[in-house]
Amino acid sequence: MKNNSTRNFSTKSFSSSSSSSPRWSEELIQYCEHPETFSANEVYHFDNEFVIITDKYPKAKKHFLVMPRKRIDGIENLKKRDLGMMKKLKEKGQWVIESMKGENPKLKFRMGFHALPSMKQFHMHVISQDFISPALKNKKHWNSFTTPFFKDYEEIENMLKEKEEIKFDKIYYETLLKKPLNCHLCNKKDIKNIPTLKRHLEDHWDDDSSEKSE
DNA sequence: GTTCTAGAAC
DNA sequence: GTTCTAGAAC
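Each residue of the first sequence is one higher than the one before, starting from 301 at the first, in the numbering used here.
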């Protein structure tokens, strides 16, 4: 088998010939601009104002991104005037959660935002709290959803009501991502490594009790 | 955001 | 020797 590396013609003049941000960070934008071009597995729902996609690398059994189709670069570019959009965003999120709970009442959800998102285009995570998924692979993945790095919807809405700008300290929030692995359901702290954490999460899912002794 | 992989940890 | 993490990616 050959390493066919001869595909050098630059395809698709995407938005960033002058911008310095890498292409991968802009991947969400196409879902907002052309939701109709994606399969139902990728785009769960869309209308004129919002798109709901299934996360390409889900970190739990159910993991969606809910986004306004209007271009908003990131959480730091939210303004007070977006409070109306936010309320509808929340309703979209709640709608997905209800739908998923209909499929499996055992699922618990949070909806919210990363303090320091990697992807452009403002997006809200709707993620089930089992965190059982092959795509959850490292400490950063874990801590981004289980430490204060994850901001619940209500917190952001309240911040926006109080201040015109939302800004999180980069240094501080990056340190949160390096914290030890602690269980989000029981008092187990400093879990040895990711494979051990994954077994622990499976146990929680199986016996459905949020208090584990081990 | 992911992939890949060197070398740390076990 | 194998498992696991964490940093580079031009």
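Built from N, CA and C at the ideal position, the CB exists for glycine as well.
Exercise. Using beta-carbon positions only, say whether residue 445 and residue 375 come within less than 8 Å of one another.
Key: no
I'd like the span of the beta strand (DSSP E) that includes residue 412, first residue to last. 409-414
Starting from residue 367, follow the beta strand (DSSP E) in both directions and report where the run begins and ends. 363-368
task = Determine the direct distance from the alpha carbon of residue 407 to that of residue 507, and round the result to whole angstroms.
result = 13 Å
Practice problem: Would you list, in sequence order, the uninterrupted beta strand (DSSP E) runs of no fewer than 3 residues that lie entirely inside the region 441-490? | Solution: 450-452
With H, G and I counted as helix, E and B as strand and the rest as coil, what does DSSP make of residue 352? strand
* Can you name, in chain order, every residue of its own chain whose Cβ lies under 7 Å from the Cβ of residue 479, other than the five neighbours on each side? -> 443 and 447
Buried versus exposed, by CB contacts within 10 Å (16 or more), residue 322 = exposed
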